[in-house]
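Structure first, commentary second.
Protein chains: 2
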Amino acid sequence: MLKNTEFADKLRFSGLRPTKQRLKICEVLFKRDHTFHFTINDLAKNISEQLNEKISLATVYNTVHAFKKKGYLKEISINSDKSYFDTNTTSHHHFFDEDTNELIDCDDEVIEAPKIKKNISGKKIKSVEVLVKVATDYHNQK
Amino acid sequence: MLKNTEFADKLRFSGLRPTKQRLKICEVLFKRDHTFHFTINDLAKNISEQLNEKISLATVYNTVHAFKKKGYLKEISINSDKSYFDTNTTSHHHFFDEDTNELIDCDDEVIEAPKIKKNISGKKIKSVEVLVKVATDYHNQK
DNA sequence: TTGTTATTTATAATAATTCTAAACTTTATG
DNA sequence: CATAAAGTTTAGAATTATTATAAATAACAA
Ligand SMILES: [Mn+2]
Ligand SMILES: [Mn+2]
Ligand SMILES: [Zn+2]
Ligand SMILES: [Zn+2]
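Chains as they are written, first to last, in the working numbering: chain R, 1 to 142; chain X, 1 to 142.
Structure below.
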């Protein structure tokens with residue numbers, strides 16, 4: 001967990017100017033004890049409703065994409081109608097609860113890394129991630 | 001691989017009327033030796049350009065969703081700007097080539113099934129799938 | 001056949017996301 | 001500091017994928 005002043009340095013170090021908007025978004029995303037998953041809309045709503053700050057939606061998009069490019073966020077696709085982002089940028093696995101649409105992190109202690117026995121020739125493996133879909137028993141699979 | 005006449009029976013059996021449009025889409029999707037991945041747009045383009053047939057885009061959407069609901073297609077999320085569908089409806093894993101955006105199937109012989117050591121309490125595991133992202137070595141990861 | 005119900009279709013609506021270009025901010029330089 | 005250059009924010013428009021609507025048509029059962 002970083003302190004407020006450190007965000008400015010980190011941004012500058014990444015070649016991003018530490019603007020008011022970016023610093024606020026850093027606070028919301030990174031000044032916490034645990035990583036989490038969010039959509040652009042969650043984030044924009046949080047900023048405008050909970051924090052009563054005004055950041056243009058275009059800026060929220062710009063910032064999230066800039067942070068992703070710098071490796072501070074990771075994009076996740078479970079569902080194609082909107083993008084999810086993850087403040088946990090390490091390679092890790094997910095449970096996806098189909099009842100609640102909740103996405104839960106887990107690492108190699110909970111889900112053992114699958115062994116890749118063959119690879120596409122000439123290509124390098126960039127990531128290996130497991131998605132486990134769960135639901136209550138009586139729930140019809142989507 | 002099914003013959004033309006069998007599609008009508010299969011559709012009727014599923015409670016779907018075997019219309020001209022659905023039969024044509026069955027042909028395009030299922031009258032082949034290998035399963036494959038496609039987007040709605042790929043499919044619509046194939047029908048209108050290669051086959052010179054006219055099926056309304058709304059019907060292509062309707063049909064693909066109907067087939068998915070009946071379990072003849074499976075939806076895949078790698079990328080959140082559009083939905084991919086898979087004619088391979090078994091539980092299986094994928095390589096995703098970031099250079100070409102190509103999605104390649106593989107089964108438990110190539111990627112060993114990951115062991116799930118803990119599950120969310122009260123929930124049942126519906127699927128366990130691995131996504132391996134690959135790229136040429138010099139390629140910057142997205 | 002004839003009525004009922006399902007399906008197709010064109011088109012409009014919606015929702016997520018990206019683009020644009022002008023205003024504003026931050027940073028570099030003298 | 002003053003000023004210019006470069007980067008950023010913003011409102012709003014544009015784009016794209018997808019879903020909804022409602023009238024016309026096709027399939028099916030009686
Ligand atoms: Mn979807
Ligand atoms: Mn979309
Ligand atoms: Zn995660
Ligand atoms: Zn597949």
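Backbone N, C-alpha and C define an ideal beta-carbon position, used for all residues, glycine too.
Please look up how many angstroms separate the CB atoms of residue i and residue j, rounded, as I've assumed it's under 8 Å.
{"i": "R:Ala135", "j": "X:Lys69", "result": "In fact, because the Cβ distance is near 16 Å, the residues do not count as touching under 8 Å."}
{"i": "R:Ser83", "j": "X:Ser80", "result": "4 Å"}
{"i": "R:Tyr72", "j": "R:Thr89", "result": "7 Å"}
{"i": "X:Ile104", "j": "R:Ile120", "result": "7 Å"}
Under a Cβ-count criterion, where at least 16 other Cβ atoms within 10 Å of its own Cβ denotes burial, should residue i be classed as buried or exposed?
{"i": "X:Ala58", "result": "exposed"}
{"i": "X:His34", "result": "exposed"}
{"i": "X:Leu29", "result": "buried"}
{"i": "R:Phe85", "result": "buried"}
{"i": "X:Phe38", "result": "buried"}
{"i": "R:Phe7", "result": "buried"}
{"i": "X:Leu43", "result": "buried"}
Check whether the Cβ of residue i lies closer than 8 Å to any Cβ atom in chain X.
{"i": "R:Ala135", "result": "yes"}
{"i": "R:Gly122", "result": "yes"}
{"i": "R:Leu131", "result": "yes"}
{"i": "R:Ile111", "result": "yes"}
{"i": "R:Ser14", "result": "no"}
Leaving out the 5 sequence neighbours to the left and right, which residues in its chain are closer than 8 Å to residue i when beta-carbon positions are compared?
{"i": "R:Leu16", "result": "Arg22, Ala66, Lys70"}
{"i": "R:Asn41", "result": "Lys82"}
{"i": "X:Ile111", "result": "His93, Val130, Val132"}
{"i": "R:Pro114", "result": "Val128, Val130"}
{"i": "R:Arg12", "result": "Pro18"}
Using C-beta distances below 6 Å, list every residue in its chain close to residue i, excluding the 5 sequence neighbours before and after it, in chain order.
{"i": "X:Asp97", "result": "Val134"}
{"i": "R:Ile76", "result": "Tyr84, Asp86"}
{"i": "R:Gly122", "result": "none"}
{"i": "X:Lys74", "result": "Asp86, Thr89"}
{"i": "X:Lys45", "result": "none"}
Excluding the five sequence neighbours on either side, which residues of its own chain have a C-beta within less than 7 Å of the C-beta of residue i, listed in chain order?
{"i": "R:Thr63", "result": "Gln21, Arg22, Ile25"}
{"i": "X:Phe95", "result": "Ile104, Cys106, Val132, Val134"}
Would you please verify whether the beta carbon of residue i is less than 8 Å from any beta carbon of chain R?
{"i": "X:Glu98", "result": "yes"}
{"i": "X:Val128", "result": "yes"}
{"i": "X:Lys77", "result": "Lys is not the amino acid found at residue 77 of chain X; the sequence shown has Ser there. Chain R, which has a Cβ nearer than 8 Å to the Cβ of X:Ser77, makes this yes."}
For review: beta carbons within less than 6 Å of any heavy atom in ligand 3
Listed along the chain, these residues meet the criterion: R:His37, R:Asp86, R:Asn88, R:His92, R:His94, R:Asp105.
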